[in-house]
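Numbering (this note's numbering), first residue to last: 1 to 161. Input: a single structure, listed below in structure tokens.
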């Protein structure tokens, strides 16, 4: 059972607790959707100053990212690979940490309140599976340090999809 307490310590220590909680939530569950749902809920509980967190899963047949489990307002259901921050991240297969989404050419605004965004690709068996997408109403919300910890969170999640 998840114990909803705020993590204490420096950012690294807090993320260490977060990743441990992710492991505990997912380690005995084989269903990918259930694990993604719990991961999005866990991030939504942990992260401050965000307005959306969730997953887009790659549909290889149509080369689009399809909305998966998330926390926040209803979102764009399909994003073409290579379009917007999510599609660009999946196309490049690398993390994009966008300080100001309004300056990102081709940004897809699913929530007009979003001002910054981080998108981290997720791999399964060395192939792109999808992306973790986190939006914030705060400009420059995600530091390079936090990006590193979020990437570690995704690495842990990859072992449960």
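Heads up, the beta-carbon is just placed ideally off N, CA and C, and yes, glycines get one too.
query = Is it the case that the Cβ atoms of residue 136 and residue 103 are separated by a distance below 8 Å?
reply = No, Cβ-Cβ distance for residue 136 and residue 103 is not below 8 Å.
query = What residues in its chain sit with their C-beta under 7 Å from that of residue 19, if we drop five residues either side in the sequence?
reply = Excluding sequence positions up to five before and after residue 19, its CB lies within less than 7 Å of the CB of 152, 153, 156, all in the same chain and listed in chain order.
query = If you drop the 5 nearest sequence neighbours on each side, which residues of the same chain put their C-beta closer than 7 Å to that of residue 158?
reply = The residues are 122, 123, 124.
task = Under the assumption that residue 119 contacts residue 95 (Cβ atoms under 8 Å), give the Cβ distance between them as a whole number of angstroms.
result = 7 Å between Cβ atoms; contact.
task = Compute the Euclidean distance between the alpha carbons of residue 60 and residue 132, then round it to the nearest angstrom.
result = Annotation: residue 60 to residue 132 spans about 17 Å, alpha carbon to alpha carbon.
query = Are the beta-carbon atoms of residue 80 and residue 53 separated by less than 8 Å?
reply = In this structure, residue 53 does not lie closer than 8 Å to residue 80 by Cβ.
query = How is the alpha helix (DSSP H) around residue 33 delimited, first residue to last?
reply = Start and end: 32-46.
query = For the alpha helix (DSSP H) that contains residue 99, what are its first and last residues?
reply = It is not in any alpha helix (DSSP H) - residue 99 carries neither H nor E in the DSSP assignment.
request  = Return the bridge partner residues of residue 121 from the DSSP annotation.
outcome  = Per DSSP, the beta bridge partners of residue 121 are 131.
Helix, strand or coil at residue 12 according to DSSP, with G and I counted as helix = Helix, per DSSP.
inquiry  = By alpha-carbon positions, which one of 126, 55, 85 ends up nearest to residue 69?
reply    = The shortest Cα separation from residue 69 among 126, 55, 85 belongs to 55.
message = If I measure Cβ to Cβ from residue 88 and keep anything under 7 Å in the same chain, skipping five residues before and after, which residues do I get?
response = Excluding residues within five positions, the ones whose Cβ falls inside 7 Å are 82, 96.
key: For residue 66, three-class secondary structure by DSSP   = DSSP places residue 66 in the strand class (E or B) of the three-state scheme.
inquiry  = Quick check on the burial criterion: 16 or more other C-beta atoms within 10 angstroms. Buried or exposed for residue 21?
reply    = Buried, since its Cβ has 16 or more Cβ neighbours within 10 Å.
key: Contacting residues, own chain, Cβ-Cβ under 8 Å from residue 37 (five flanking each side not counted)   = Only 69 meet the Cβ criterion.
message = Can you confirm whether residue 91, when its beta carbon is compared against all beta carbons of chain E, has any partner nearer than 8 Å?
response = No chain E appears in this structure, which consists of one protein chain only.
ask   = Cα separation between residue 5 and residue 11?
value = Each residue's Cα considered, the two are about 15 Å apart.
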